[in-house]
Ligand code: SF4
Ligand code: SF4
């Protein structure tokens, strides 16, 4: 491990509380590709001395996939358990790299007794940048083309289109937009619990359609801000046997810019 | 006998409006079949939304061609209906061009000229719409779900609008020709009809012109009454319902789904370590209807969702952006709305016939909407974003998923596996919760 990490329990044992709780999420904890995003984000926070903690084994699924599959019982079981833990630690501010966790924690927990300031990692990084704590040197990205795929639950679901773009612009790369972007963005195909099942019969898969569009603007990098989009776009790029285009989370790009 | 015209007119007017209000009452009754939902919060924001979206057409111009044409027809139609006011006064009191006396000559000239120009724009827009819809192959306007009545309906609306405008021009041109012959008082200014139809009518006798003018005037009037009553059977109901529909729209973030309060109670009880598992269940209210989760029929949808169904214009903007539909899956959010309205109408007719709803062995799910459609949705909210009148097809899909999962345990197998994992391992995959920090040491 090339970064330091403390859990909420450790902070509590010291009688302290961190600036922010990093909600890792199931994908970020267990999916091999998404774990890299998790680590990249930790490295950035480490480098600029942000005091943060994770829940570790005390974290559960937010319940998003169950809720969107229609299972309100399982969702609320998860939600109420998580809220109990979060409230016990008196958590105020949560950051997460998963728009699904972000949306659920931010919008659906308050009604169940969980009130926190919840932000997406791109929003947090943007805040840090504006406060002058995070400096982005984008030199190594000069001449590269990046296109950003809007995650539905960050964009349309919560109206955040600017934070990820602002960070990408700082990388000095050329930001090219797909025709379907921002409010018109096209889903990667994973939302609403689709990630966990085979798609219904159709002419093609949604991630193939989306990746085709992304590739058509001839980027070097397809940037994502969601571990599920990451999986879908990565599979899409493989589908087209493309070995030159990289799919990277914005946190990974920032860490790369800083040689972390 | 000199009042016979006025009497016929008044009778037609009363019959027309009574039929119209009867339809509205029926729709209102049908909407009340849904579950209650409180959408009376933030009234200022609601008025603003309605002003912007319904009155201001703010969502229409996202597709510029359709948007601009639509605004022309809309503005034209609203303003031309000011003329209805004059028709009614003239009809009831037997006056002729009553507003001329009120407005004064120059203002009345400007008024009639403006109407003529708007009417011309409406005609042009209607013709372009007709060609575009029937011969241009816009995908969302030629899809299977529109075959039959929806397609005919759309065309009928255009034809009726065209006919109404044609009558309007005929009436004006005949009146103008009479005025030229010195047979009528010179009232109003008619740049379009005098130039286009005027020359055709030049040789007509005074008698023929009077008949033509009266005929067109009556046609126009009866046509408007007819159109008003046609609305009930048509997707064109949106010209009225867009207003309440946008007022009652969901103002929350699109990603925020509602939490079922009944579930919360149950789970809190389950999780409460102090609860005595052997205690007798609390006295059940004998009149309580057992809680049903989600919706398999229109009765379980909320009233705003049913209002949504009546407000849908079948424009297909939702379907055109739906990732599932784009990639050839059966799901079409427009069809979800059309099916909901069809079922609602089916239930309404049942009530008309029997005095109350008598079980017809049918449901919204399966008889109208297939499970395959329901499971194809990615909950991406593209349809919600696209709808020009703020309809929320996704919320209906979600209620049906809730029904399938919580009432029928009928989710696709892989989803059952996912849900079991969440329940047992606190993650959608089969990993151990204790391993949640492994990523840090890899
Ligand atoms: S929310 Fe569902 S129905 Fe609506 S556009 Fe997305 S996938 Fe289609
Ligand atoms: S739901 Fe809205 S976008 Fe979809 S067809 Fe109806 S009016 Fe059009």
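Residue numbers (my numbering), protein chains in the order written: chain H, 35 to 294; chain W, 118 to 559. No residue lacks a Cβ here, since even glycine has one placed at the ideal position from N, Cα and C. Treat the numbers as computed from the prediction; the structure is a model and nothing was measured.
Cα-Cα separation between residue i and residue j, rounded to whole angstroms
{"i": "residue 431 of chain W", "j": "residue 257 of chain W", "result": "9 Å"}
{"i": "residue 460 of chain W", "j": "residue 131 of chain H", "result": "42 Å"}
{"i": "residue 161 of chain H", "j": "residue 42 of chain H", "result": "23 Å"}
{"i": "residue 136 of chain W", "j": "residue 202 of chain W", "result": "19 Å"}
{"i": "residue 316 of chain W", "j": "residue 204 of chain W", "result": "25 Å"}
{"i": "residue 265 of chain H", "j": "residue 67 of chain H", "result": "8 Å"}
{"i": "residue 427 of chain W", "j": "residue 354 of chain W", "result": "7 Å"}
{"i": "residue 507 of chain W", "j": "residue 409 of chain W", "result": "27 Å"}
{"i": "residue 278 of chain W", "j": "residue 344 of chain W", "result": "9 Å"}
{"i": "residue 411 of chain W", "j": "residue 61 of chain H", "result": "28 Å"}
{"i": "residue 102 of chain W", "j": "residue 227 of chain H", "result": "Residue numbering for chain W in the displayed model covers 118 to 559; residue 102 of chain W lies beyond these limits and cannot be assessed."}
{"i": "residue 348 of chain W", "j": "residue 342 of chain W", "result": "10 Å"}
{"i": "residue 537 of chain W", "j": "residue 268 of chain H", "result": "27 Å"}
{"i": "residue 492 of chain W", "j": "residue 462 of chain W", "result": "25 Å"}
{"i": "residue 242 of chain W", "j": "residue 274 of chain W", "result": "13 Å"}
{"i": "residue 383 of chain W", "j": "residue 250 of chain H", "result": "51 Å"}
{"i": "residue 40 of chain H", "j": "residue 87 of chain H", "result": "5 Å"}
{"i": "residue 171 of chain H", "j": "residue 282 of chain H", "result": "17 Å"}
{"i": "residue 130 of chain W", "j": "residue 206 of chain W", "result": "11 Å"}
{"i": "residue 231 of chain H", "j": "residue 237 of chain W", "result": "54 Å"}
{"i": "residue 308 of chain W", "j": "residue 335 of chain W", "result": "22 Å"}
Under the three-state DSSP convention, the category residue i falls into
{"i": "residue 213 of chain W", "result": "coil"}
{"i": "residue 37 of chain H", "result": "coil"}
{"i": "residue 183 of chain H", "result": "coil"}
{"i": "residue 237 of chain H", "result": "coil"}
{"i": "residue 214 of chain H", "result": "coil"}
{"i": "residue 86 of chain H", "result": "strand"}
{"i": "residue 546 of chain W", "result": "coil"}
{"i": "residue 463 of chain W", "result": "helix"}
{"i": "residue 149 of chain H", "result": "coil"}
{"i": "residue 167 of chain H", "result": "coil"}
{"i": "residue 508 of chain W", "result": "coil"}
{"i": "residue 283 of chain H", "result": "strand"}
{"i": "residue 208 of chain H", "result": "strand"}
{"i": "residue 231 of chain W", "result": "helix"}
Residue i at chain H interface by Cβ criterion, 8 Å
{"i": "residue 425 of chain W", "result": "no"}
{"i": "residue 416 of chain W", "result": "no"}
{"i": "residue 550 of chain W", "result": "yes"}
{"i": "residue 388 of chain W", "result": "yes"}
{"i": "residue 495 of chain W", "result": "yes"}
{"i": "residue 94 of chain W", "result": "This structure leaves residue 94 of chain W out entirely; chain W is present only between 118 and 559."}
{"i": "residue 412 of chain W", "result": "no"}
{"i": "residue 169 of chain W", "result": "no"}
{"i": "residue 451 of chain W", "result": "no"}
{"i": "residue 535 of chain W", "result": "yes"}
Any non-hydrogen atom of ligand 2 within 7 Å of residue i CB
{"i": "residue 494 of chain W", "result": "no"}
{"i": "residue 112 of chain H", "result": "no"}
{"i": "residue 503 of chain W", "result": "yes"}
{"i": "residue 506 of chain W", "result": "yes"}
Any chain W beta carbon closer than 8 Å to residue i
{"i": "residue 186 of chain H", "result": "yes"}
{"i": "residue 108 of chain H", "result": "yes"}
{"i": "residue 86 of chain H", "result": "no"}
{"i": "residue 167 of chain H", "result": "no"}
{"i": "residue 72 of chain H", "result": "yes"}
{"i": "residue 259 of chain H", "result": "no"}
{"i": "residue 230 of chain H", "result": "yes"}
Residue i: CB within 7 Å of a non-hydrogen atom of ligand 1
{"i": "residue 233 of chain H", "result": "no"}
{"i": "residue 498 of chain W", "result": "yes"}
{"i": "residue 354 of chain W", "result": "no"}
{"i": "residue 432 of chain W", "result": "no"}
{"i": "residue 441 of chain W", "result": "yes"}
{"i": "residue 554 of chain W", "result": "no"}
Residue i: CB within 7 Å of a non-hydrogen atom of ligand 4
{"i": "residue 514 of chain W", "result": "Looking for ligand 4 in the displayed structure turns up nothing; the ligands present are ligand 1 and ligand 2."}
- Query: Is the segment 136-146 of chain H touching the segment 97-115 of chain H in the sense that three or more CB pairs, one from each, lie closer than 8 Å?
  - Reply: yes
- Query: Do three or more CB pairs link the segment 146-166 of chain H to the segment 197-212 of chain H at distances below 8 Å?
  - Reply: yes
- Message: Under 8 Å, with one C-beta from each stretch per pair, do the segment 318-325 of chain W and the segment 260-269 of chain W reach the 3-pair mark?
- Response: no
- For the segment 209-228 of chain W against the segment 159-166 of chain W, are there 3 or more C-beta pairs whose distance is under 8 Å? no
- Message: Closer than 8 Å is the cut-off here; do at least three beta carbon pairs connect the segment 251-266 of chain H with the segment 174-188 of chain H?
- Response: yes
- Query: So does the segment 439-446 of chain W actually touch the segment 223-238 of chain H, counting three or more Cβ pairs closer than 8 Å?
  - Reply: yes
- Say whether the segment 367-385 of chain W touches the segment 281-301 of chain W, bearing in mind that this needs 3 or more beta-carbon pairs closer than 8 Å, one atom from each stretch. no
- Message: Across the segment 417-425 of chain W and the segment 513-522 of chain W, are there enough close Cβ pairs to call them in contact, namely three or more that are closer than 8 Å?
- Response: yes
- Examine the Cβ distances between the segment 465-473 of chain W and the segment 445-453 of chain W and report whether three or more of them are shorter than 8 Å. no
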